[in-house]
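A short worksheet on the structure shown next.
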Amino acid sequence: MLTRRTAIAAGLAAPFVVRGQAQAQTASRAETLLLVQEYGPNSLDMQGIGSSQPVNGVALNCYDRLLRFKPVPIPGGGGNTISMGELEGELAESWQVASDGMSCTFKLRDAKFHSGRPVSAKDVKWSLDRACTIGGFATTQMNAGSLEKPEQFVVVDDKTFRVDFVRKDKMTLPNLAVTIPFVFDSELAIKNSGGDPHAKEWLKNNIAGSGAYKVESWKPGVETIYVRNDDWACGKLPQLRRIIARDIASPSTRRALMERGDADVSYGLPPKDFKDLLDAGKVNVVGVPIPNGVWGCYLNTQVGPFKDVRLRQAVAWVMPYDKILQASLFGRGVSMAGGGAPKVAWPQPFPYTTDTAKAKALVDAAGGPFSTTLYFDAGNATVAEPMAVLIKEALATIGITVEINKVPGANFRTEIAKKTNPMVLNRFAGWLDYPDYYLFWTMHGNNSIFNIAAYQNPALDKLVDAARFAPDKASYDANVIDFIKLVESEVPMVPINQPTHDVALQKSIGGYQFQPCREPDFRYLTKA
Amino acid sequence: MNDMTKADQAPAEIVPALRFEAPPSTSLWAHARHIVAENPVTGLAFGLFAAIVFGALFGPSLVPYDPLASNTNAALQAPSAAHWFGTDQLGRDIFSRVVAATRLDFTIAIASVALVFLLGGLAGVSAGFYGGWVDKIVGRIADTIMAFPLFVLAMGIVAALGNSVTNIVIATAIINFPLYARVARAEANVRREAGFVQAARLSGNSDWRLLLTQIVPNIMPIMAVQMSLTMGYAILNAAGLSFIGLGVRPPTPEWGIMVAEGASFIVSGEWWIALFPGLALMIAVFCFNLLGDGVRDLVDPQRRN
Amino acid sequence: MLRMIGQRLMTTIPSVIGVIIVTFLLTRVLPGDTAAYFAGPAATPQAIAEIRSKLGLDQPIPVQFVSYVGALVRGDLGQSLTTGQPVTADLAARLPASAELTLAGLLLAMAVALPLGVLAAVRQGSWIDHLCRVVATAGVSLPVFFTGLLLVYVFYFLLGWAPAPLGRLDVFASEPPRITGLFLVDSLVTGNFETFRAALSQIILPAVTLAIFSLAPITRMTRASMLAVLGADFVRTARAAGLTSRKVIGTYAFRNAMLPVITTLGMVFSFLLGANVLVEKVFAWPGVGSYAVEALIASDYAPIQGFVLTMAILYVALNLMIDVLYGVIDPRVRLEG
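Residue numbers (my numbering), protein chains in the order written: chain A, 1 to 528; chain B, 529 to 833; chain C, 834 to 1170.
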């Protein structure tokens, strides 16, 4: 601050403050990180109802969980990612699954909340109970890992905590490492709750955690400033003392800030900008193919022309996979065309390639021509719109006329919940990287909102359920291979590509860590 | 965008010189020639207008490329001999798209202006002619609309009615309603007691007949100025709506949506994607605005001497 | 005078009521399902229903309207779901930013438009007149978001003259103590000139963008009004009395011509407040316009209603002020009132 003022006082030409003070600021900037993002958190409580995506970042950096995902190097370099099966203790010093496999006992570290009070098993129980009972997204996410009711969470003693399992579920432990089951200072929360058992109002505006960062100031829609918690006990003390996260809606502005070196890190730029930044080489771009994430074209199996499986296959055969990857994602993704034999993985390329003749034959057999409407979320327009235009063009060549309907973000959920849209472009990415988890959300007969194709097939449900709770790896693998074969021929969703999650960082920034919630993890970042 | 219109119209309401009491007697054509000769800018505007009409009528059949055809191998090319305005993200020819878009933009402008002319003009004339409760109701509706930030109101209307060209036209017409209603009301009110109307009334004409034969023809010139001025704003309004994701559906070429698409490419150096449709948009609006001035000069009795 | 203000206020009440009703209905007709949006990506139908009842959206529309008006009377504009804060607090925090930007744009526009308009009127039909017309019309023909982006590209990205379009102050500068909420004023009042410079350098590009857009109405109004005055008898009399042309134009004509221009300025100000929605978006300006757009896109009713109401009230207040000012300047108006 001082240096900056001196620099200006020294007579930089008003009214335009000239660039170049960046050098003058190095002393104060060295331990401060400036992050620019599209929009910031609308709450400080990720368990609360209606929390937006960036709140995950608050949960990640300001709170601790029992477990966390262990950093593993990104194959192409540039930082670390995670691997589903590999966990390490965060608040837990150690943990032990019982010999019958039906519970897990955690030993807690000597960690302190920001208030100075030691973290105890009682706090962990209060927090996990809260996540299971508060309703909304938090509860749904807990249930996805078979964490369903407060009775499962047991305080053994002050520093020992046990989770009883309702069933053997490989997702239970990883689900303790996502951004939902984090630990509050329960005494502080209850004291300020004003009688609400979940202390929702207070926790929405205040941090009561033990995490590596505290929130120094939060101006919703403008900026969030984090400062380091120097007493953090659950890992190596982060290098960065202060993080300023600014909300900049325009991606062009964020890109310009990165190129001029004014911002240190930017999330969520259009793929074109990441490609250009990468090509220019002035800043680092780290890309991780989003685990369990895929852009797909969902074809309604209950109403409209795509009830006919031949037409769904025709779409898979005519899909311009390469063109889309090139013109819409600028190569920042992995094509889902031309796969071989099914593997135990998700997403994976389906056996289809762009083959207009085959597609045309299928449409003719089904009694074409047809006309239909393709929907996508306007919030994803940067990528989805060129995709939709290319699909429209390709389908026109096989006698399917498509009208494009760009649905504003708020209406999109309502639209897909109707399950009457013949064709929808959507990207779904699960936090827990398992094929059965993805299919459970998008194609299972329980008809979640993401089963946009309204696909109903008892045979598939049986295979997915069997895989979810499979007793051993062999039966799991067999079930996965079978359901992948099934959806490859049934194609309720045509996978188009697996997008890359990209982050742009100045060369001076190191220690990038990818998290499934796709929010920045400041705890590992370094600044040279 | 449209917000400006109201302020812009103020002269017509405030400067009393714009009223005239008799139908034009000199030849319009001769007068137009005089105006153009005296004011070259108006001449330019009429020339541009002719070009826009030509583009709207014949443009789509004259362009070198199919404005919808993608060619991902030729994506994001700078302007060249083959692609005069360059190509966009999907390799579509921007020149062809800009020319082809003329028809849609022109249609939006004409349709919304015609709609608000009918609704606002009729409401305003009735309010001015009958006075009383008709006047009160029309006045309240206009006041209520005027109290909104107009662009936000247009956004709300399109969002509520759905994303389509028809709804852009409706939203644009609604936010311009007070303008037309007020001008028409003021003009009709002044003429209600004018000698020629009284004379017609005394000779036994019904109210409706009076309205249609005496009042409406007399306020037409003022309304014509209004219409040519609002045309430009209609296009700007549609462009603003497209920019925030409401409006015309892709891949239809339309200037506003093309600027919005190209906006994100400006910083990365592909300036041509937004620039050319932006220029086309600007020139069209510019032309309509100058034309409005020209039409005003044409009907302004003070300039006839 | 007070009676005039009172009467003037009475006439605005019906339109404010109209605004409340229209806004309420419009936000309820919007097709987005707020509950589904905020229930998050993996919500079950029960979770959505819970949120819907928490928000009171399961009530019949008339009931919702009554509770909305009730809250309004208590000064409660509801809570924004996007920022998680009370709408009143959000608006209060953001209004000074919009006001400062709009005022700066308006002042800038006036500085150019008034002389241009006067000159055009005095030299009617000359090249200055044509130039004035072309410049003003060209300004208003540019979509504001396009102008804004172009300016950012040229002055920030290519030339590096302007600071990063990052809102009202540089990231590392601190806010001046809040007196009026207008950074330029507050920093001057407290004698903090570094902050003043920082704030000034941030506001120039967005203010220019707005100014370009508002050039046309002010220039035209000034020109038209000057023309009318110049043709008036008292000006002819003044000229006949042998006063210098400079004196006639400067004192007699200009002053009288300013009356309708003031009305226009009031209108332009409130239109700009609404129109800077897009400018705020481009320059990451933390004002009320961008707040309303984001709320509209998220089907977040409360902020939209709050924004529109605030704007309507501002508009009414502004017009009232202008009427009063008019009365002060021109006694004839007062008599009629």
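We put the CB at the ideal spot given by N, CA and C, even for glycine.
How far does the alpha helix (DSSP H) with residue i in it extend, from its first residue to its last?
i	result
C104(A)	Here C104(A) belongs to no alpha helix (DSSP H); instead the beta strand (DSSP E) covers 103 to 108.
V424(A)	That residue, V424(A), is in no alpha helix (DSSP H); its beta strand (DSSP E) goes 423 to 429.
C234(A)	Here C234(A) belongs to no alpha helix (DSSP H), and DSSP marks it neither H nor E.
G684(B)	678 to 689
F370(A)	That residue, F370(A), is in no alpha helix (DSSP H); its beta strand (DSSP E) goes 370 to 377.
S589(B)	568 to 590
H501(A)	Element bounds for H501(A): not the alpha helix (DSSP H) but the beta strand (DSSP E), 493 to 506.
Starting from residue i, find everything on chain A with Cβ-Cβ shorter than 8 Å and list it in chain order.
i	result
L914(C)	N42, G50
T741(B)	What T741(B) touches in chain A: nothing, since even the nearest Cβ is about 46 Å away.
P778(B)	E385, A388, V389, I404, K406
Whose C-alpha, out of the options, is nearest the C-alpha of residue i?
i	options	result
T844(C)	V1149(C), V1157(C), P996(C)	V1149(C)
L33(A)	I225(A), G48(A), V288(A)	I225(A)
L803(B)	G690(B), F814(B), M786(B)	M786(B)
P998(C)	G1160(C), T921(C), V1112(C), A942(C)	V1112(C)
A946(C)	G1064(C), T1097(C), T856(C)	T1097(C)
S353(A)	W218(A), N380(A), K343(A), Q313(A)	Per the sequence shown, the amino acid found at residue 353(A) is Thr instead of Ser. That would be Q313(A), whose Cα lies nearest to the Cα of T353(A).
L66(A)	S83(A), G89(A), D276(A), P54(A)	G89(A)
L991(C)	F657(B), V718(B), I794(B)	I794(B)
N451(A)	M258(A), L439(A), T382(A)	L439(A)
From residue i to residue j, what distance separates their C-alpha atoms?
i	j	result
E86(A)	K168(A)	18 Å
S52(A)	G101(A)	35 Å
D594(B)	E789(B)	19 Å
T1077(C)	R1069(C)	12 Å
G768(B)	A378(A)	16 Å
F370(A)	T442(A)	26 Å
W295(A)	L1017(C)	48 Å
A337(A)	Y512(A)	30 Å
A1032(C)	A937(C)	12 Å
D157(A)	T105(A)	11 Å
L525(A)	T356(A)	48 Å
M674(B)	A396(A)	45 Å
D521(A)	E31(A)	16 Å
K107(A)	I1146(C)	60 Å
A735(B)	T741(B)	What sits at residue 735(B) in the sequence shown is Asp, not Ala. Each residue's alpha carbon lies about 10 Å from the other.
A345(A)	I49(A)	32 Å
Since residue i meets chain A, which of its residues come closer than 9 Å, beta carbon to beta carbon?
i	result
G784(B)	Correct list: empty, because the minimum Cβ distance to chain A is about 14 Å.
Give the range of the beta strand (DSSP E) segment to which residue i is assigned.
i	result
N1025(C)	N1025(C) -> no beta strand (DSSP E), and no H or E assigned at all.
F69(A)	67 to 73
W994(C)	Note, W994(C): premise wrong, no beta strand (DSSP E); not H, not E.
R255(A)	Where R255(A) is concerned, there is no enclosing beta strand (DSSP E), although the alpha helix (DSSP H) it sits in stretches over 251 to 259.
A642(B)	A642(B) -> not in any beta strand (DSSP E); alpha helix (DSSP H) instead, spanning 622 to 658.
Who are the neighbours of residue i on chain B, taking C-beta pairs under 7 Å?
i	result
P499(A)	Result: empty, since nearest Cβ-Cβ is about 16 Å, beyond 7 Å.
Along chain B, which residues have their Cβ under 9 Å away from the Cβ of residue i?
i	result
F978(C)	A767, G768, F771, I772, V787, A788, A791
Which chain C residues sit within Cβ distance under 7 Å of residue i?
i	result
P220(A)	T916, G917, Q918
G135(A)	A880, E883
Residues of chain A with CB closer than 7 Å to the CB of residue i, please, in chain order.
i	result
V795(B)	S252, R255, A256
Find the residues of chain C that neighbour residue i, judging by a C-beta separation of less than 9 Å, and give them in chain order.
i	result
R668(B)	P847, S848, G851
Examine the Cβ distances between the segment 972 to 984 of chain C and the segment 1037 to 1051 of chain C and report whether three or more of them are shorter than 8 Å.
yes
Three or more C-beta pairs closer than 8 Å, one from the segment 313 to 327 of chain A and one from the segment 381 to 390 of chain A: is that the case here?
When C-beta atoms of the segment 313 to 327 of chain A are compared with those of the segment 381 to 390 of chain A, three or more pairs fall below 8 Å, so the two segments count as touching.
For the segment 500 to 512 of chain A and the segment 263 to 276 of chain A, state whether three or more C-beta atom pairs, one from each stretch, are separated by less than 8 Å.
yes
Using 8 Å as the threshold, is the segment 666 to 679 of chain B in touch with the segment 842 to 857 of chain C, meaning 3 or more CB pairs across them?
yes
Three or more C-beta pairs below 8 Å linking the segment 702 to 721 of chain B and the segment 652 to 659 of chain B
yes
Using a Cβ distance threshold of 8 Å, determine whether the segment 252 to 263 of chain A contacts the segment 477 to 488 of chain A, with at least three qualifying pairs required.
Short answer: they don't touch.
Within 8 Å, do at least three Cβ pairs link the segment 168 to 183 of chain A to the segment 913 to 924 of chain C?
no
Touching or not, the segment 226 to 243 of chain A and the segment 767 to 782 of chain B, by the rule of three or more beta carbon pairs under 8 Å?
Flag = no, the segment 226 to 243 of chain A and the segment 767 to 782 of chain B do not touch.
Using 8 Å as the cut-off, can you tell me whether the segment 947 to 962 of chain C makes contact with the segment 746 to 762 of chain B, which would need three or more C-beta pairs spanning the two stretches below that distance?
Result no; under three Cβ-Cβ pairs closer than 8 Å.
Examine the Cβ distances between the segment 590 to 605 of chain B and the segment 621 to 630 of chain B and report whether three or more of them are shorter than 8 Å.
yes
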